[in-house]
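J.: Under the working numbering, the first residue of the sequence shown carries the number 66, and numbering increases by one thereafter.
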Amino acid sequence: MNALLVSVIAVCLAATAAILLLGFWKPGFFRDTKLKVADVQAAVGQILTDGNTGYGLQNVSVLGCNDGRDPTVAPGTTFTCAVTVAGEQRTVTVTIEDRDGKYGVSPPR
Numbered sequence: 066m067n068a069l070l071v072s073v074i075a076v077c078l079a080a081t082a083a084i085l086l087l088g089f090w091k092p093g094f095f096r097d098t099k100l101k102v103a104d105v106q107a108a109v110g111q112i113l114t115d116g117n118t119g120y121g122l123q124n125v126s127v128l129g130c131n132d133g134r135d136p137t138v139a140p141g142t143t144f145t146c147a148v149t150v151a152g153e154q155r156t157v158t159v160t161i162e163d164r165d166g167k168y169g170v171s172p173p174r
């Protein structure tokens, strides 16, 4: 009887450890990954002004993204950033493309 109880406890502990490890190891079941909104804002400014890999715009200011909240990384999620281009207020849409947090930025509208 003691050996059976020890075996059941060992199996339960191993299963609990596996669930916790897999649930917290990578973003997924138990936790969400969020992008830092300040980093996104800086990247949006870089993308809009870079002539080689971005849109090559001048006189760009990023006013804010996602109402100042850190967006959750989930493929297909979108949020907007308010920007000014040559003194005119515009909006860009940021689309999260994968679970690693890669995202794309639309041209200003």
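By construction, the Cβ of each residue, glycine as well, lies at the ideal position given by its N, Cα and C atoms.
If we count the other Cβ atoms within 10 Å of its Cβ and call it buried at 16 or more, is Gln154 buried or exposed?
T.: When all chains shown are included, Gln154 counts as exposed.
J.: Could you tell me which of Ala68, Asn67, Leu100 and Gln123 sits nearest to Tyr168, measuring between CA atoms?
T.: Among Ala68, Asn67, Leu100 and Gln123, the Cα nearest to that of Tyr168 belongs to Leu100.
J.: Classify Gln106 as helix, strand or coil using the three-state DSSP reduction.
T.: If DSSP states are grouped into helix, strand and coil, Gln106 belongs with the helices.
J.: On the DSSP letters alone, give me the boundaries of the beta strand (DSSP E) that Arg164 sits inside.
T.: First-last for Arg164: undefined, no H or E at that position.
J.: Under three-state DSSP, which class holds Gln111?
T.: In this structure, Gln111 counts as helix in the three-state DSSP scheme.
J.: With DSSP collapsed to three states, give me the class of Ala68.
T.: In the structure shown, Ala68 sits in a helix (DSSP, three-state: H, G or I).
J.: Taking Val157 as the reference, give the member of Asp163, Thr149 and Arg164 with the closest Cα.
T.: Of the listed residues, the one whose Cα sits closest to Val157 is Thr149.
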